[in-house]
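Report on the structure given below.
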Amino acid sequence: MQFFLVISALILFVAAGASIIRAIDRSGAMGLTGAPLAGVSFMTGLGAVSFQMFLYSLVSIPLNPIFIMLPWLPFIAAVFFRYRTKTADHQKQRWDAISVALLAVIIVQSAYAFIYALSVPLFGWDAWFIWFLKARVFFLDQGISSEFLSNAGYRHHQDYPLLMPLATAFVYGAAGSANETIGKLLYPLQFLSLLSVIYYALSRAAGRRTGLLFAALSTLVPVIMIHAGGVPGKIGPLYAGDFVGYSDLALSIYFMGAGAFLYFHAKEGGRPHLLLASLFLAMAAWTKNEGLTFAGFAVALFLIYRILFKREGILKDALLLVLPIAAVVIPWSLYKAGLGIGSEYVENLSLATIATNLWKLPIIFKTLGKMVFSHIELYNFCWWAYAISTLANWRASKALITLHLLLFLQLSAYIFIYIISPAPIDWHLATSADRLLLHLLPLALLITALNLVSMAGAGPRVSPGKADA
């Protein structure tokens, strides 16, 4: 029975997300089908179900898995029976030897992520004391315990958003116990979602082979793999090779997905991509605090882009982008304020702090630069490829320039946090810089691929082409 409930819980993430996407994209214009649909749906459902659990806790509804599943059943049924997308315009592409080989790489690496993640215990410090500890408490308490989050004895980032702890608690509830191995299932599944999102974006932009190529390349990036499944040995400057259980991989997927959907909205028009970008931005803010700054930058860049290049319908589109983000951010912010939970960085923010800490800048730039371009054992040549392709494609489209700005603005926010942080700068960089760069890495890979597509003259394909696998 418990096995059935665990499988049902995982299926719910996909089904809930797919129903939301179907409700958004009633005509099928986005071309999301097959594996890409499953991957995008999983990340959408992960956010939606976890936020549902937060709302349940606000009104004291126990986080029983059955109670969580039941409201979704009529919604899923109604959406899929009412909105049936047409698939007549779907053009099948033949599988050549290169595509098969790339798919084989993806399958092997994905299988490894599942096998290793489920074969070893949870390892990382943050995984245990931030993300999975919260999940265990929420599971045992059948809700979000304000006493726990506001407890002075627990000082492990109570202000962090709760997407991953609540999603893990839901899986625990289905399993009937706080089994970390079962909770770790969510991480290789996120890995598949990352591959699905990048495949969808690039197959839509330049065809199946390009999508498969960059999905396969993503599986070979060590810093991604150590968060998706783990590796047995220490890698580079990191203290270990297993960071499964952190929330950074999920955040990187939401960043890349939001960037991709905003890019297609800018290139093709239409509102389904815009709405899905809004949901991914909202879920990024619901995953980690860094997601809130990313969402703010994305909204600002969207408004600037539309004011400069396409003012028609800007008010409605701006509301479609902002309202879902606000619907997630405002309740969580009010809840934290009610408990008196604040961020150590915001509390430390002042002009005097900034001025007196500017001496950190050379250290920050040197460390980040070395990590990006020297630590090949973590990032392969991804950042080199991003830099070189960007220089080569200096005549990038306006939509692509917006993605560059989004990446650099978020990086500037991270640099600013390092400046105002009360923690020793060397320690802070050593324990977090690799993960902050991971947040931006899939987006950088996406931009790199779009640079190459632009230089090759392939140009983005528009709505008739559907991405499937």
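The working numbering applies: residue 4 is where the sequence shown begins, and numbers increase by one.
C-beta atoms are modelled at their ideal positions from N, C-alpha and C, and glycine is treated no differently.
Check	Outcome
Compare the C-alpha of leucine 444 against each of Leu254, Thr356, Trp75 and name the closest.	Leu254
From this set, Leu311, Gly236, Pro365, which residue's C-alpha is nearest leucine 381's C-alpha?	Gly236
Once DSSP output is grouped into helix, strand and coil, what is the label at leucine 188?	coil
Starting from the N-terminal side, write out each stretch of the alpha helix (DSSP H) that is 4 residues or longer and does not extend beyond the segment 95-148.	100-120, 136-144
Thinking C-beta only, is tryptophan 134 closer than 8 Å to proline 168?	yes
Using C-beta distances below 8 Å, list every residue in its chain close to leucine 326, excluding the 5 sequence neighbours before and after it, in chain order.	Ser281
Helix, strand or coil for tyrosine 417, going by three-state DSSP, please let me know.	helix
With methionine 72 as the anchor, note down where its alpha helix (DSSP H) starts and where it stops.	68-72
Using the three-state DSSP reduction, which class does leucine 35 fall into: helix, strand or coil?	strand
What runs of the alpha helix (DSSP H), each 4 residues or longer, lie entirely inside the segment 283-355?	293-312, 317-342, 347-350
What is the DSSP secondary structure of threonine 90, counted as helix, strand or coil?	Its pLDDT being 49, under 50, threonine 90 is placed unreliably by the model, and nothing is read from it.
Inspect the beta-carbon positions of phenylalanine 217 and isoleucine 227 and report whether they are closer than 8 Å.	no
Check whether the Cβ of alanine 436 lies closer than 8 Å to any Cβ atom in chain B.	This model lacks chain B altogether; it includes just one protein chain.
Quick check on isoleucine 366: does DSSP put it in helix, strand or coil?	helix
Whole angstroms are fine: how far does the CA of leucine 166 sit from the CA of leucine 143?	17 Å
Helix, strand or coil for aspartate 28 per DSSP?	coil
Which full runs of the alpha helix (DSSP H) of 4+ residues lie inside the segment 367-410, going along the chain?	379-382, 385-395
Take the Cβ of lysine 319 as the centre, count every other Cβ of all protein chains shown within 10 Å, and call the residue buried at 16 or more, exposed below.	exposed
Is alanine 170 near serine 11, with beta carbons less than 8 Å apart?	no
Using only the alpha-carbon positions, how far apart do methionine 33 and phenylalanine 117 sit?	29 Å
Mind checking which residues open and close the alpha helix (DSSP H) that includes aspartate 245?	Element bounds for aspartate 245: n/a, residue is neither H nor E.
When the Cα atoms are used, what is the spatial distance from threonine 213 to valine 349?	42 Å
Taking the C-alpha atoms as reference points, what is the distance between tyrosine 157 and serine 149?	12 Å
Report all residues from its chain with a CB closer than 6 Å to the CB of phenylalanine 419; omit the five preceding and five following residues, and keep chain order.	none
Hey, could you find the ends of the alpha helix (DSSP H) proline 225 is sitting in?	225-231
Compute the distance between the beta-carbons of valine 17 and tyrosine 203, then report whether it is under 8 Å.	no
With three or more C-beta pairs closer than 8 Å as the rule, is the segment 260-272 touching the segment 411-418?	no
Determine whether the beta carbon atoms of glycine 48 and leucine 15 lie at a separation below 8 Å.	yes
Comparing C-alpha positions only, which one of Lys401, Ala208, Asp245 sits nearest to glycine 460?	Ala208
Less than 8 Å between the beta carbons of serine 102 and phenylalanine 194, yes or no?	no
In whole angstroms, what is the alpha-carbon distance linking valine 111 and glycine 232?	13 Å
Is glycine 156 helix, strand or coil when you go by DSSP?	coil
Give a yes or no on contact between the segment 181-193 and the segment 368-378, applying the rule of three or more CB pairs nearer than 8 Å.	no
For tyrosine 202, which of helix, strand or coil comes out of DSSP?	helix
If I'm right that serine 250 touches lysine 291 with Cβ under 8 Å, what's the distance once you round it to whole angstroms?	5 Å
Tell me the residue span of the alpha helix (DSSP H) that contains tyrosine 266.	251-271
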